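Colleague:
Numbering (this note's numbering), first residue to last: 1 to 388.
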């Protein structure tokens, strides 16, 4: 090549290194819509709790009674409508019999409430007279704060430490209390009838309802098969969870009754049943049993060490069964880690109160079964899942 032509040649620059395709890890629009939809669902659950709670209770009750109905149908050839009616009848009769059997002991405890109130009032009065007690100091401090914030109050309106103002309720107030109580009883009875009726219809039409759900779940065989797997997994997990709750509640009731009987607490059978039933309400039920049983133990024994013994026995049983055995079994059955379980209870208690504590874990098990089998939701299943 001639030298002139070589001089005219220019060194071509190297092609630039191809930069990686920088994209957002998340679709902002889809994420925003998902967050809005989640907030809307939370608001709907809280706003319409009076509708959702009976429905979820009925579904849970139908899951609990389905094995009994299936056994009657398989072994005794009892049709599903008759088996469902028999199962609900046995449940209502058992609850009524237990209430009638516990009524005398409950009445005896209620009769002792005025005596317990007077006894606690005397203890507080003696404590308030003790100038070195913390209660006395708190009372004096509260009175001083009240004088500072309301200086226009007359001396006769200011209560001295250790005294109690007894204000009689007017007839209008008493009438209002009676109406409110009667309304609450009627509302509870109506909701119980709704739950039992819906449970009956779910028991007799559960299979056909699932078939319709599978039919509309998708057009391909794989989609229908996925729906069947999700429904079967929800059935198995919720039924096993209910069996765990019933079994551990019975264990708590028996151990509490035996412990209270050994200590010498009166109405030990009643306390055992109460502990077993309230064990179904996580944490709050145990705290209520400890507080109320300690008060009645002090009324009966009039000794602090007996009260501590009763409270310690209740906490020990609840700690071993309620805080050790139940979370371990729930994690094994539902494959939900303990942190997610505790957070779920907090959220559902905020949404629905005490019914949320009863129904929160079964709902999370259903959510977990769905997330495990839908590819787009598997990250949530990974977040909620346990290592077992």
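Where a beta carbon is used, it is the ideal one built from N, C-alpha and C, also for glycine.
Bear in mind that the values here come from a model prediction, so they are computed numbers and not experimental data.
#1: Can you pull the DSSP bridge partners for residue 385?
#2: Once you ignore the five residues that flank residue 261 on each side, which residues in its own chain have a CB closer than 6 Å to its CB?
#3: Measure the C-alpha to C-alpha separation of residue 237 and residue 64 and round it to an integer number of angstroms.
#4: Give a yes or no on whether the C-beta atoms belonging to residue 289 and residue 314 are separated by under 9 Å.
#5: Would you call the CB atoms of residue 66 and residue 203 closer than 9 Å?
#6: Which residues mark the beginning and the end of the alpha helix (DSSP H) in which residue 299 is found?
#7: Along the chain, where does the alpha helix (DSSP H) containing residue 355 start, and where does it finish?
#8: Where does residue 220 fall in DSSP's three states?
#9: Whose CA, out of 346, 190, 231, lies closest to the CA of residue 207?
#10: Rounded to whole angstroms, what is the Cα-Cα separation between residue 393 and residue 320?
#11: Starting from the C-beta of residue 42, find all residues in its chain whose C-beta is less than 6 Å away, skip the five residues before and the five after it, and write them out in chain order.
#12: With 16 other CB atoms within 10 Å as the buried threshold, where does residue 305 fall?
#13: Terminal residues of the continuous alpha helix (DSSP H) containing residue 74?
#14: Assign residue 368 to one of two classes, buried (16 or more other C-beta atoms within 10 Å of its C-beta) or exposed (fewer than that).
#15: Could you have a look at residue 266 and say whether DSSP puts it in helix, strand or coil?
#16: Which of helix, strand or coil does DSSP assign to residue 78?
#17: May I have the straight-line CA-CA distance separating residue 76 from residue 68, to the nearest angstrom?
#18: Look at residue 283 and residue 357 and say whether their C-beta atoms are less than 9 Å apart.
#19: Using C-beta distances below 7 Å, list every residue in its chain close to residue 81, excluding the 5 sequence neighbours before and after it, in chain order.
#20: For residue 55, which residues of its own chain have a beta-carbon under 8 Å away from its beta-carbon, when the five flanking residues on both sides are left out?
#21: Out of 46, 53, 44, state which residue places its alpha-carbon closest to the alpha-carbon of residue 195.
#22: Within the continuous alpha helix (DSSP H) that includes residue 280, where are the two ends?
#23: Please identify the residue among 355, 292, 265, 327 whose C-alpha is closest to the C-alpha of residue 342.
#24: Residue range of the alpha helix (DSSP H) that residue 312 falls in?
#25: Measuring straight from C-alpha to C-alpha, what distance separates residue 364 and residue 111?
#26: Residue 62 and residue 362: beta carbons closer than 9 Å?
#27: In chain order, what residues of the same chain lie with their CB nearer than 6 Å to the CB of residue 384, ignoring the 5 residues before and after it?
Modeller: So, from the data block:
#1: DSSP lists 336 as partners of residue 385.
#2: Non-local beta-carbon contacts of residue 261 in its own chain, meaning distances under 6 Å to residues more than five positions away in sequence, involve 268 in chain order.
#3: For residue 237 and residue 64, the distance between alpha carbons rounds to 11 Å.
#4: In contact: residue 289 and residue 314 (Cβ atoms closer than 9 Å).
#5: The Cβ atoms of residue 66 and residue 203 sit closer than 9 Å to each other.
#6: Secondary structure note for residue 299: its alpha helix (DSSP H) is the uninterrupted segment 284-301.
#7: It spans 354-373 - the alpha helix (DSSP H) in which residue 355 sits, taken as one unbroken run.
#8: If DSSP states are grouped into helix, strand and coil, residue 220 belongs with coil.
#9: Out of 346, 190, 231, 231 has the C-alpha closest to the C-alpha of residue 207.
#10: This structure gives no information on residue 393, because the portion of the chain shown stretches from 1 to 388.
#11: Spatial neighbours of residue 42 in its own chain (CB-CB distance under 6 Å, excluding positions within 5 residues in sequence) are not present.
#12: Residue 305 should be labelled exposed.
#13: Element bounds for residue 74: 49-75.
#14: Looking at its Cβ environment, which holds 16 or more other Cβ atoms inside 10 Å, residue 368 is buried.
#15: Three-state DSSP puts residue 266 in coil, outside helix and strand.
#16: Coil, per DSSP.
#17: Looking at the two C-alpha atoms, the distance is approximately 11 Å.
#18: A contact, by the Cβ cut-off of 9 Å.
#19: Within its own chain, the residues whose Cβ lies closer than 7 Å to the Cβ of residue 81, once the five positions on either side in sequence are excluded, are 204, listed in chain order.
#20: Closer than 8 Å at the Cβ level, and outside the excluded window around residue 55, lie 198.
#21: The residue with the shortest Cα to Cα distance from residue 195 is 53.
#22: Per DSSP, residue 280 lies in no alpha helix (DSSP H) segment and is marked neither H nor E.
#23: Minimum Cα distance to residue 342 is reached at 327.
#24: Residues 304-317.
#25: So the two alpha carbons sit approximately 42 Å from each other.
#26: No, they are not a contact pair.
#27: Scanning its chain for C-beta atoms nearer than 6 Å, with the 5 sequence neighbours on each side dropped, one finds around residue 384 the residues 336, 340, 368, in chain order.
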